[in-house]
């Protein structure tokens, strides 16, 4: 028996060492591929980074947004960590018979707890299998690979239970309540001899070990690489405000191109995203483009970038991505690595043997232009992947390096360059909107300077508020409320230019920076310290992105300021507005800046209002379709996003759909027209509804 145990130990050591070698090789290979990306400055804030890991990795915060899948994953996550101690105990029993972890008097508690956890994991395996293959959730893939890990996990649990049962028979132990399942197995199979039990034990032991080591090698070369890359990705993720775009340094003479035209142009942290992807489909499930029949799928975009990085990484580094090499000899990545070893210099090797273009062949232009930049994908991602900045980086390459842009979008860019607004309307008429109502006082900064008056807030009207007929009513309603509250404010008037959000999100970073510089110069010249705007896109820019270019000012959305004024009693809604209202969250106000409560607080303060939430509200709210510059482009594929969002609003049977964004309101207004309900369902900004409640106008609808 001793000689057999020695052979068993040698075989164990050899197999384990080989598996660990392959695992380390795979990790180093993926790290080499990631290092092909651009280096970046790492923000040192260890406390905040560790908090993120605690909340999102150990707290599973984002996964629990989907309760069913989240609970399954929590069972797998913690169960798998806990049963590793059981695995050590089981392996020790195979190496040193009739032994176990030296836990003394608590060993019985340990074995009981292990069996409970093992049973829960088996339940989770069955549940996960049912959701993937019986319920057939759309967002989940259903191939053999997708179920392989469920088989691995199930096999690990069953073999340890069977092995422990055989261990009881082999060594003649009494049945124990601290090992109820193993004891049950021993009771059912109690008729076999100790020798037969030993043989079955070692069969289960080796199957368990081989599954465990196969899993170890399989993980880095499968979607389950997220077990390693996910926590790393959460730890190194940017600490900037959500969705903040990176500044391009146009004065850097070493840059031959701008944006991302090849996989190596991405930052290294962006490439970690690719291996961190869980393939859970949450991003795609929430994407407004995917949901309305567009080509874009955020998950597929990440996966294709990952596969492209793996293949190109193999071509550049000559490191084979798949092991054991003999088993994966014919895979694209391994073939490329083998060819690269005899092809000479790294760059020439890659370009000669692997040359699909990132934009066009790996990711299509149609996909790149379909994104509304709503960040619903990023909000849902459990490993904090960032999809939007990758898409914007590729747009930047198309626009700044190749000079490509949708014709409608290009017209908007040209108009912004020439007249400071997307329609190309006369820049000298930008302040004319304030003359539409005599009961509203809207001074310009220039006018106040002439009379030596000061102001607390600069009211940034934005191109929509200044030129769009519908949005002008929002600007006037807000100004009237500021007048009522005694808030001193001014507008830049004809000196105001486009904020630059549309150019930046469409990839025209050069035009954005030009506009930002001029706007900041105007702010500084006029001593602006507080900015309030009705435009969430401008709000996000001024608050989170303009500081990179020198802006130092407090920034408020009009609903934030109005909510505070109502709370302080400076504005009192007294007249009833007997309407059933559903509120649509603007992406740039909600997911980008987490402003969810102020607009709702205002609506709740209005007498007569019944507030009904859509199924998708707050952080899960669907985009209206205008973001990312798509306001100025035609949707040519699938259902219009604004129509789909309007349909969601109509499900709660409102009389009014409200929003805090002029772009959203325009899109939702068009949606009610498309559904032919514009006579029954109105679309109004929160400020308009508050104005009606404060000032009345009996018998007259807000307009």
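Residue numbers (the numbering used here): 895 to 1597. Positions of the beta carbon are idealized from the N, C-alpha and C atoms, including for glycine. Since the structure is predicted, the reported quantities are computational estimates derived from the model, not experimental observations.
Residue 1239 by DSSP, collapsed to three states: which one? In the chain shown, residue 1239 corresponds to position 345, counting from 1. Interpretation of residue 1239 is limited by its pLDDT of 48, a score under 50 that renders its predicted location unreliable; the figure taken from the coordinates is listed afterwards. Coil, per DSSP.
Are residue 1014 and residue 969 closer than 8 Å when you measure CB to CB? Mapped onto the chain shown, residue 1014 falls at position 120. Mapped onto the chain shown, residue 969 falls at position 75. Yes, Cβ-Cβ distance for residue 1014 and residue 969 is below 8 Å.
To the nearest angstrom, report how far apart residue 1405 and residue 1278 are at their CA atoms. Here residue 1405 is taken as the residue at index 511 of the chain shown, counted from 1. Here residue 1278 is taken as the residue at index 384 of the chain shown, counted from 1. Residue 1405 and residue 1278 have their C-alpha atoms some 30 Å from each other.
Contiguous alpha helix (DSSP H) assignments of at least 4 residues, all confined to the region 1249-1330: Every unbroken stretch of the alpha helix (DSSP H) spanning 4 or more residues and falling wholly within the region 1249-1330 is given here in chain order: 1259-1264, 1270-1274, 1282-1290 and 1301-1313.
Three or more C-beta pairs under 8 Å: does that hold for the region 1348-1360 against the region 1421-1430? Touching, per the Cβ criterion.
Local conformation of residue 1384 per DSSP, three classes: If you number the chain shown from 1, residue 1384 lands on position 490. Reduced to three states, the DSSP call for residue 1384 is strand.
At least 3 beta-carbon pairs within less than 8 Å: the region 1352-1367 vs the region 1424-1436: With a cut-off of 8 Å, the region 1424-1436 and the region 1352-1367 count as touching, because enough Cβ pairs lie within range.
Measuring only the C-alpha atoms, how far is residue 1254 from residue 982? Translated into positions along the chain shown, residue 1254 becomes position 360. Translated into positions along the chain shown, residue 982 becomes position 88. When rounded, the distance between both Cα atoms is 50 Å.
Per DSSP, cross-strand counterpart(s) of residue 1551: Locating residue 1551 in the chain shown gives position 657, counting from the first residue. Paired residue(s): 1476 and 1577.
The ligand SAM heavy atoms versus the CB of residue 907: any closer than 7 Å? Judged by which ligands are present, the structure shown has none, so any question about the ligand SAM falls away.
I need the DSSP call for residue 1592, collapsed to helix, strand or coil. Indexing the chain shown from 1 puts residue 1592 at position 698. For residue 1592, the predicted structure reports a pLDDT of 41, less than 50, and the residue's modelled location is therefore unreliable. A value from the coordinates is still provided. Of the three classes helix, strand and coil, the one that applies to residue 1592 here is coil, per DSSP.
Nearest residue (CA-CA) to residue 1120, options 1171, 1112 and 1164: Translated into positions along the chain shown, residue 1120 becomes position 226. Closest in alpha carbon position to residue 1120, among 1171, 1112 and 1164, is 1171.
On the DSSP bridge assignment, give the partners of residue 1399 in chain order. Position 505 of the chain shown holds residue 1399. As DSSP reads the structure, residue 1399 sits in no beta bridge.
Around the Cβ of residue 1115, are there at least 16 other Cβ atoms within 10 angstroms (buried) or fewer (exposed)? On the chain shown, position 221 is the one that residue 1115 refers to. The residue is buried, with at least 16 neighbouring Cβ atoms inside 10 Å.
For the beta strand (DSSP E) that residue 1448 lies in, which residues bound it at each end? Here residue 1448 corresponds to residue number 554 of the chain shown, with the count starting at 1. For residue 1448, the uninterrupted beta strand (DSSP E) segment begins and ends at 1448-1451.
Residue range of the unbroken alpha helix (DSSP H) whose run includes residue 904: As a position in the chain shown, residue 904 is number 10, starting the count at 1. Per DSSP, the continuous alpha helix (DSSP H) segment holding residue 904 begins and ends at 896-928.
Any idea what DSSP makes of residue 975, helix, strand or coil? Along the chain shown, one-based indexing puts residue 975 at 81. The DSSP-derived three-state label of residue 975 is helix.
Which residues share a DSSP beta bridge with residue 932? Taking the first residue of the chain shown as position 1, residue 932 is located at position 38. For residue 932, DSSP records a beta bridge to 1161.
Give me the residue from 1576, 951, 1024 and 933 with the minimum Cα distance to residue 1547. By 1-based counting over the chain shown, the position of residue 1547 is 653. By alpha-carbon distance to residue 1547, the top candidate from 1576, 951, 1024 and 933 is 1576.
Residue nearest to residue 1415 in terms of C-alpha spacing, selected from 1106, 1431, 1434 and 1441: Counted from its first residue, the chain shown places residue 1415 at position 521. Closest option to residue 1415, Cα to Cα, is 1441.
Report yes if the C-beta distance between residue 1479 and residue 1490 is below 8 Å; otherwise report no. Taking the chain shown and counting its residues from 1, one reaches residue 1479 at position 585. Taking the chain shown and counting its residues from 1, one reaches residue 1490 at position 596. In this structure, residue 1490 lies closer than 8 Å to residue 1479 by Cβ.
Could you pull out every residue in the same chain whose Cβ sits closer than 6 Å to the Cβ of residue 906, ignoring the five residues on either side in sequence? If you number the chain shown from 1, residue 906 lands on position 12. Same-chain partners within the cutoff: there are none.
Any contact between the region 1363-1375 and the region 1260-1268? By contact I mean 3 or more CB pairs, one from each, below 8 Å. The region 1363-1375, when compared against the region 1260-1268, does not touch it at the 8 Å Cβ threshold.
I think residue 1287 touches residue 1154, with their Cβ atoms under 8 Å apart; what is that distance to the nearest whole Å? Position 393 of the chain shown holds residue 1287. Position 260 of the chain shown holds residue 1154. The distance from the Cβ of residue 1287 to that of residue 1154 is about 4 Å, consistent with a contact at the 8 Å cut-off.
Counting beta carbon pairs with one atom in the region 1289-1304 and one in the region 1192-1210, are three or more of them shorter than 8 Å? Taking 8 Å as the limit for Cβ pairs, the verdict is that the region 1289-1304 does not touch the region 1192-1210.
Report the CB separation of residue 1208 from residue 1230 in whole angstroms; it is logged as a contact under 8 Å. What you label residue 1208 is simply residue 314 of the chain shown in a count that begins at 1. What you label residue 1230 is simply residue 336 of the chain shown in a count that begins at 1. Contact holds; Cβ gap of about 4 Å.
DSSP-derived helix/strand/coil call for residue 1425: Here residue 1425 refers to the residue found at position 531 of the chain shown. Looking at residue 1425 - three-state DSSP - the assignment turns out to be strand.
Would you call residue 1274 buried or exposed, if buried means 16 or more other Cβ atoms sit within 10 Å of its Cβ? Counting from 1 along the chain shown, the entry for residue 1274 is found at position 380. Using a 10 angstroms sphere on the CB of residue 1274, the tally of other CB atoms reaches 16 or more, which defines it as buried.
Which value, in whole angstroms, describes the spacing of the CA atoms of residue 1298 and residue 1174? Along the chain shown, read from residue 1 onward, the residue named residue 1298 stands at position 404. Along the chain shown, read from residue 1 onward, the residue named residue 1174 stands at position 280. Cα to Cα, the separation comes out at about 33 Å.
If you follow the beta strand (DSSP E) that residue 1490 is part of, which residue opens it and which one closes it? Within the chain shown, numbered from 1, the residue matching residue 1490 stands at position 596. Careful: residue 1490 lies outside any beta strand (DSSP E) and carries neither H nor E.
What would DSSP say about residue 1109, mapped onto helix, strand or coil? On the chain shown, residue 1109 is found 215 positions in, with the first residue counted as 1. Of the three classes helix, strand and coil, the one that applies to residue 1109 here is helix, per DSSP.
Classification of residue 1450 by the beta-carbon crowding that lies within 10 angstroms, buried from 16 upward: Within the chain shown, residue 1450 is the residue found at index 556, counting from 1. Around the beta-carbon of residue 1450, 16 or more other beta-carbon atoms lie within 10 Å, marking it buried.
If I'm right that residue 1268 touches residue 1136 with Cβ under 8 Å, what's the distance once you round it to whole angstroms? Taking the chain shown and counting its residues from 1, the one referred to as residue 1268 is at position 374. Taking the chain shown and counting its residues from 1, the one referred to as residue 1136 is at position 242. With 8 Å as the limit, residue 1268 and residue 1136 do not qualify as a contact, their Cβ atoms being about 12 Å apart.
What whole-angstrom Cβ distance do residue 1580 and residue 1552 have, given they're in contact under 8 Å? Taking the first residue of the chain shown as 1, we reach residue 1580 at position 686. Taking the first residue of the chain shown as 1, we reach residue 1552 at position 658. Contact holds; Cβ gap of about 6 Å.
Beta-carbon gap between residue 1086 and residue 1059 smaller than 8 Å: On the chain shown, residue 1086 is found 192 positions in, with the first residue counted as 1. On the chain shown, residue 1059 is found 165 positions in, with the first residue counted as 1. Contact check for residue 1086 against residue 1059 fails: the beta carbons are separated by 8 Å or more.
Could you check if residue 998 is buried or exposed, using at least 16 other CB atoms within 10 Å of its CB as the buried criterion? Indexing the chain shown from 1 puts residue 998 at position 104. Here residue 998 is exposed: its Cβ has fewer than 16 other Cβ atoms, across all protein chains shown, within 10 Å.
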